[in-house]
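K.L.:
Going by the numbering used here, the sequence shown opens with residue 33, and the numbers climb by one from there. There's a structure below that I have some questions on.
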Amino acid sequence: MNYETILVRTEADKVGIITLNRPKQLNALSDQLMDELGHALKAFDADEKIGCIILTGSEKAFAAGADIPGMAKYSFVDAYKGDFITRNWETIRSVRKPVIGAVSGFALGGGCELAMMCDFIIAADNAKFGQPEIKLGVIPGAGGTQRLPRAVGKSKTMDMVLTGRMMDATEAERAGLVSRVVPLDKLMEEALGAALTIADLSQVAAMAAKESVNRAFESTLSDGLMFERRLFHGLFATEDQKEGMDAFLNKRKPIFKNR
Ligand code: CO8
33 MNYETILVRT
43 EADKVGIITL
53 NRPKQLNALS
63 DQLMDELGHA
73 LKAFDADEKI
83 GCIILTGSEK
93 AFAAGADIPG
103 MAKYSFVDAY
113 KGDFITRNWE
123 TIRSVRKPVI
133 GAVSGFALGG
143 GCELAMMCDF
153 IIAADNAKFG
163 QPEIKLGVIP
173 GAGGTQRLPR
183 AVGKSKTMDM
193 VLTGRMMDAT
203 EAERAGLVSR
213 VVPLDKLMEE
223 ALGAALTIAD
233 LSQVAAMAAK
243 ESVNRAFEST
253 LSDGLMFERR
263 LFHGLFATED
273 QKEGMDAFLN
283 KRKPIFKNR
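Next up, the structure:
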């Protein structure tokens, strides 16, 4: 597939990097962009060599939301029948390898929601997060009212969703929305460092870890603990567990084979 709205590259043959690339529209998430993003994510997920994926935007904008001109004239029937959102916004949820969001500039509306669909967010110090849909006469539609409270709690979510105000990187880190804040010129270096670390570990263990953490948001504590324990038990059937523990015991660096 030839991409027109994203850039795709790999680093060290083991990290996939997807850059949202509609600079004139501040990376507004058009239908075409979401289709291309979904395609690129699936391709990296299926590539045995890739151990981690980074999703990023430009210095000015990770993404300023869904494409407003594209949806301004939608009727209810257009949105409902055309399956607006689920058709190409859910792909990222099906990606089993870790996805890091490297966010600089605006992450607004669908852009903030897309960042929250990543497994964790590393933010540049100029990042701004917000759910301003209320100012357009609508509400978040791709998880803002569901994922934001899980990340930052009810009060801050209500504040953001009801007033449409933005949260800067410092506030986002304090609230637990992002895992780290770094200077803008260090963003990709930091994200790549994390991605390469993950890519050098066992892919099977990383996928299991991701699956288990995500289960925490879908289950009771006892069901989640049981899910985690069964995955933990299952990893003793892998060669990577033997390799990891043998390497520790013999004071050497493990070489994982993702088996
Ligand atoms: N869609 C399309 N174009 C956009 C968008 C957008 N979301 N945001 C900015 N642009 C365009 C502007 O129209 C402008 O284009 P032009 O130069 O041709 O006029 C260009 O990007 C630069 O924007 P500004 O001149 O406004 O730049 P500023 O630095 O002054 O302001 C802001 C930057 C604050 C980001 C401002 O552009 C803004 O407020 N943008 C809209 C943000 C917003 O409301 N986002 C939410 C959209 S709704 C949404 O995301 C719903 C998601 C639901 C799920 C998705 C289902 C598909």
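Glycine is no exception: its CB is placed at the ideal position from the N, C-alpha and C atoms.
For Thr195, is the classification buried or exposed, using 16 other Cβ atoms within 10 angstroms of its Cβ as the cut-off for buried?
P.N.:
Counting Cβ neighbours within 10 Å, Thr195 comes out exposed, since fewer than 16 surround it.
K.L.:
Give the DSSP-derived three-state secondary structure of Met33 in the structure shown.
P.N.:
Residue state, collapsed to three classes: coil.
K.L.:
Smallest Cα separation from His50: which of Ala134, Phe108 and Met103?
P.N.:
A small correction: the amino acid at residue 50 is Ile; His does not occupy that position in the sequence shown. Comparing Cα-Cα distances from Ile50 to each of Ala134, Phe108 and Met103, the minimum goes to Ala134.
K.L.:
For Glu43, verify whether its CB is less than 6 Å away from any heavy atom of the ligand CO8.
P.N.:
No, the ligand CO8 has no heavy atom inside 6 Å of this Cβ.
K.L.:
Indicate the three-state DSSP secondary structure (helix, strand or coil) for Arg291 in the structure shown.
P.N.:
Here Arg291 sits in coil by DSSP.
K.L.:
Please classify Gly185 as buried or exposed, where buried requires at least 16 other C-beta atoms within 10 Å of its C-beta.
P.N.:
Burial call: exposed.
K.L.:
Go through the segment 158-237 residue by residue and report every complete run of the alpha helix (DSSP H) that reaches 4 residues or more, in order.
P.N.:
If we require 4 residues or more, the alpha helix (DSSP H) runs fully inside the segment 158-237 come out as 176-184, 186-195, 201-207 and 219-231.
K.L.:
What beta strand (DSSP E) runs, 3 residues minimum, are completely inside the segment 72-157?
P.N.:
Within the segment 72-157, the complete beta strand (DSSP E) runs of at least 3 residues are 84-88, 93-95, 131-135, 138-140 and 152-156.
K.L.:
When DSSP labels each residue in this structure, what does Glu275 get in the three-state scheme?
P.N.:
Note: Glu275 maps to helix in three-state DSSP.
K.L.:
Within the chosen definition, does the segment 47-64 reach the segment 79-98 through at least 3 CB pairs nearer than 8 Å?
P.N.:
Because the criterion of three Cβ pairs below 8 Å is met, the segment 47-64 and the segment 79-98 touch.
K.L.:
Measure the C-alpha to C-alpha separation of Lys167 and Phe249 and round it to an integer number of angstroms.
P.N.:
Rounded to the nearest angstrom, the two C-alpha atoms are 29 Å apart.
K.L.:
Determine, using beta carbons only, whether Phe108 and Ala139 come nearer to each other than 7 Å.
P.N.:
Cβ distance not < 7 Å, so Phe108 and Ala139 don't count as in contact.
K.L.:
Can you tell me whether DSSP reads Glu68 as helix, strand or coil?
P.N.:
Helix at Glu68.
K.L.:
Sort Gly208, Ala174, Leu233 and Met199 by Cα distance to Pro130 and report the nearest one.
P.N.:
Minimum Cα distance to Pro130 is reached at Leu233.
K.L.:
Is the beta carbon of Ala237 less than 7 Å from the beta carbon of Leu267?
P.N.:
In contact: Ala237 and Leu267 (Cβ atoms closer than 7 Å).
K.L.:
Hey, is Leu140 close to the ligand CO8, as in C-beta under 6 Å from one of its heavy atoms?
P.N.:
Yes.
K.L.:
Evaluate contact between the segment 102-116 and the segment 207-225, counting only Cβ atoms and requiring at least three cross-stretch pairs below 8 Å.
P.N.:
Because the criterion of three Cβ pairs below 8 Å is not met, the segment 102-116 and the segment 207-225 do not touch.
K.L.:
Measuring from the CB of Glu165, is there a heavy atom of the ligand CO8 at a distance below 6 Å?
P.N.:
Yes - the ligand CO8 has a heavy atom lying nearer than 6 Å to the Cβ of Glu165.
K.L.:
Suppose the cutoff is 6 Å on Cβ atoms and the five residues either side in sequence are ignored; what does the same chain contact list for Val127 look like?
P.N.:
For Val127, where only same-chain residues beyond five positions count, the Cβ hits under 6 Å are Leu73 and Asp77.
K.L.:
Whose C-beta lies closer than 7 Å to the C-beta of Met66 among residues of the same chain, with five residues either side of it excluded?
P.N.:
Answer for Met66: Asn120 and Trp121, listed in chain order.
K.L.:
Once DSSP output is grouped into helix, strand and coil, what is the label at Leu281?
P.N.:
If DSSP states are grouped into helix, strand and coil, Leu281 belongs with the helices.
K.L.:
Taking only beta-carbon atoms, is Arg197 less than 7 Å away from chain D?
P.N.:
In summary, chain D is missing from the structure at hand, where a single protein chain is found.
K.L.:
Consider the C-beta atom of Ile100 and the heavy atoms of the ligand CO8; say whether any pair is separated by less than 6 Å.
P.N.:
True, at least one ligand heavy atom lies under 6 Å from that Cβ.
K.L.:
For Phe116 and Thr270, I'd like the C-alpha separation in whole angstroms.
P.N.:
C-alpha separation (whole angstroms): 41 Å.
K.L.:
Could you tell me whether any non-hydrogen atom of the ligand CO8 is closer than 6 Å to the CB of Gln57?
P.N.:
Within the cutoff, so yes.
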